[in-house]
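Protein chains: 2
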Amino acid sequence: MRFNSELMEQKHFGQEEVRILEEIILHRRDVRGNRFLPTPVSNEILEKILLAGINGPSVGFSQPWEFVVIRDQEVKRRVRESFNAENEKASGLFDNEKSIKYRQIKLEGIEESALNLAVFYKPSAGVVLGQTSMKEVGLYSVVCAIQNMWLMARALNIGIGWVSILDPEKVKQILDAPQENQLVAYLCLGYVNEFLDRPELEILEWEKKKLLSQVVIHEKYTKPK
Amino acid sequence: MRFNSELMEQKHFGQEEVRILEEIILHRRDVRGNRFLPTPVSNEILEKILLAGINGPSVGFSQPWEFVVIRDQEVKRRVRESFNAENEKASGLFDNEKSIKYRQIKLEGIEESALNLAVFYKPSAGVVLGQTSMKEVGLYSVVCAIQNMWLMARALNIGIGWVSILDPEKVKQILDAPQENQLVAYLCLGYVNEFLDRPELEILEWEKKKLLSQVVIHEKYTKPK
């Protein structure tokens, strides 16, 4: 049994498509408030980004995502307060030198960006095909949607910043989110004055870029004796 | 202070790049064993896919990923055994009609695909910038890398199937993985006889495709009274 017509054209991509995808991947950045411009993002452009999201993969085709589009400055301000509280706690966790550096880095663009996107995992009501042994793959489906949106935004010359220094329960309260929903990401979206040529934390020498040889293992790990 | 040179060219993408990314996103499929061809995947092609992964975003630039490349048929066979056991349990969880349908669907291509890729989250030793309030964003970074690889594979006309019906601890044992590593995904990679024109579970009417209007909320949820 074949599910699609014999006549259906099989899409075959060439070197040009590979090159363009590589460029989009390499030029994608995590953008913070000091880069965002106030230029509005049109509904048409936002829709392109969201469509990239809902065409991501999901376990058992469960599509367990919900996206809250936020333009209201008062909502943003309240989310920013949660960031401030969590960030204050965080800055005390690093040792001296890193703590000083940490406080100098702008880590969010909640109020500066044209719009915010709260992305939730909404658990399915019934049993989900493929989610019976590893429950967490439902959350991972939502993350795949986010990465699709991140790349599409970059292709549209729009920056995204992922703010994770937040109390997810506070954000749920602010947005009146249903109890069963789980906040996966809080994203800031907007046009930018520039995309840095490398990740900012690499430029600042906060962390070193890892090479493939450091993270690829062949066949199996060698057990430490 | 500017981190990159004023002379650095700002990459500006146009409509053609957006169109190509859309096509790659829309033609990406989750591929199972009945589609994979035995054609080998060269190291050069595999490297392109892995490079897409390690150029994904990661919280605090922690790059908390490890990739185990598996071609050994004996390792694959043992992982397949874990799938069989978990799948047998899973098939009993659906009600009658869906249970019958479930047993008819081929859900993995572990032994049929040219290579398997076990993708792990490796927790960082120190405090990670951005991971202080929501620990799970470390895992999410690894998922972003996976989605980058999935798209790059599709652009290279290579199929990927994500197998989540596995006992992650069994897989860790088989691969001698370090205790602290967490299995995020087990992927099957290879050339295919065809990419379906829509997700297989949509074609089979297992689940319906959701529209944007069903998953997008504006400003905040309306509280149920």
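From first to last, the protein sequence lines stand for chains A and B.
With the first letter of the first sequence counted as 1, position 133 gets the number 137 in the working numbering; the numbers rise by one all the way through.
With the first letter of the second sequence counted as 1, position 221 gets the number 225 in the working numbering; the numbers rise by one all the way through.
Virtual Cβ for every residue (Gly too), placed ideally from N, Cα, C.
- Item | Test: A/Y144 CB closer than 8 angstroms to a CB of chain B | yes
- Message: Looking at the secondary structure, which residues open and close the beta strand (DSSP E) in which B/L208 lies?
- Response: First-last for B/L208: undefined, no H or E at that position.
- Item | Contact set for B/P61: own chain, Cβ-Cβ below 7 angstroms, skip 5 residues either direction | The residues are S145, C148.
- Message: Residues in the same chain with beta-carbon distance under 7 angstroms from A/M5, minus the five sequence neighbours each way, listed in chain order, please.
- Response: In this prediction, A/M5 scores a pLDDT of 36, lower than 50, which makes its location untrustworthy; the coordinate-derived value is nonetheless stated afterwards. Within the same chain, no Cβ atom closer than 7 angstroms to the Cβ of A/M5 is found once the five residues on either side in sequence are excluded.
- Message: For B/F2, tell me which candidate among A/L205, A/E198, A/K224 has the shortest Cα-Cα distance.
- Response: Outside the displayed span of chain B (5 to 229) sits residue 2 of chain B, for which this structure offers no information.
- Output the distance between the C-alpha atoms of A/R82 and A/L179, rounded to the nearest integer angstrom. 10 angstroms
- Where does A/N38 land, buried or exposed, given buried means 16+ other C-beta within 10 angstroms? exposed
- Reduced DSSP category for B/F124 - H, G, I as helix; E, B as strand; rest coil: strand
- Message: With distance defined between alpha-carbon atoms, name the residue in A/A122, A/L54, A/F40 nearest to A/N185.
- Response: A/A122
- Message: Check whether the segment 33 to 53 of chain B and the segment 126 to 145 of chain B are in contact - that is, three or more C-beta pairs closer than 8 angstroms.
- Response: no
- Whose C-beta lies closer than 8 angstroms to the C-beta of B/I3 among residues of the same chain, with five residues either side of it excluded? Any answer about residue 3 of chain B is impossible in this case: the structure gives chain B only from 5 up to 229.
- Item | For B/F40: DSSP bridge partner residues | Answer by DSSP bridge pairing, in chain order: B/V196.
- For A/I114, which three-state DSSP category applies? DSSP, read as helix, strand or coil, puts A/I114 in coil.
- Message: With three or more beta-carbon pairs closer than 8 angstroms as the criterion, would you say the segment 189 to 196 of chain B touches the segment 24 to 43 of chain B?
- Response: yes
- Task: Identify every residue that forms a DSSP beta bridge with B/Y190.
- Result: B/A122, B/V167
- Message: Can you find the residues in the same chain that come closer than 7 angstroms, C-beta to C-beta, to B/H31, ignoring five residues on each side of it along the sequence?
- Response: R158, F199
- Query: Beta-carbon of B/T43 versus every beta-carbon of chain A: anything under 8 angstroms?
  - Reply: Look at B/T43: its C-beta is not under 8 angstroms from any C-beta on chain A.
- Query: Using a C-beta cutoff of 8 angstroms, does A/P127 count as contacting chain B?
  - Reply: no
- is_contact[A/G113, chain B] using C-beta, thresh 8 angstroms: no
- How about the segment 112 to 120 of chain A and the segment 211 to 224 of chain A: do they share at least three Cβ pairs that are nearer than 8 angstroms? Judged by Cβ distances under 8 angstroms, the segment 112 to 120 of chain A makes no contact with the segment 211 to 224 of chain A, as fewer than three pairs qualify.
- Euclidean distance between Cα positions of B/G142 and B/S217: Rounded to whole angstroms, B/G142 to B/S217 spans 30 angstroms at the Cα level.
- Item | Rounded separation between A/Q14 and B/I162 - CA only | 13 angstroms
- Item | Burial state of A/T226 (16 or more Cβ within 10 Å) | exposed
- Task: Tell me where the alpha helix (DSSP H) around B/V79 begins and ends.
- Result: 77 to 95
- Kindly list, in the order they appear in chain A, the residues whose Cβ is closer than 7 angstroms to that of B/N161. H16, F17
- With a CB to CB cut of under 7 angstroms and the five nearest residues on each side skipped, what residues in its chain are close to B/V79? I178
- From which residue to which residue does the alpha helix (DSSP H) around B/H31 run? 19 to 31
- Message: Tell me the rounded alpha-carbon separation between B/K229 and A/L111.
- Response: For B/K229, the predicted structure reports a pLDDT of 42, less than 50, and the residue's modelled location is therefore unreliable. A value from the coordinates is still provided. C-alpha separation (whole angstroms): 37 angstroms.
- Task: Using a Cβ cut-off of 8 angstroms, pull out every chain B residue sitting near A/G64, in sequence order please.
- Result: L205, W210, E211
- Once you ignore the five residues that flank A/F87 on each side, which residues in its own chain have a CB closer than 7 angstroms to its CB? E112, I114, V167, I169, L170
- Task: Give the residues of chain A in contact with B/S217, contact being defined as C-beta atoms less than 7 angstroms apart.
- Result: Against chain A, the beta carbon of B/S217 has no neighbour under 7 angstroms; the closest one sits roughly 10 angstroms away.
- Take the Cβ of A/G134 as the centre, count every other Cβ of all protein chains shown within 10 Å, and call the residue buried at 16 or more, exposed below. The residue is buried, with at least 16 neighbouring Cβ atoms inside 10 Å.
- Could you tell me which chain A residues have their CB closer than 8 angstroms to the CB of B/Y195, listed as they occur along the chain? The contacting residues do not exist; B/Y195 stays about 11 angstroms from chain A at best.
- Message: What does the alpha-carbon distance come out to for the pair B/K224 and B/R107?
- Response: 41 angstroms
- Message: Any beta carbon of chain A sitting closer than 8 angstroms to that of B/N47?
- Response: So no, B/N47 is outside the interface.
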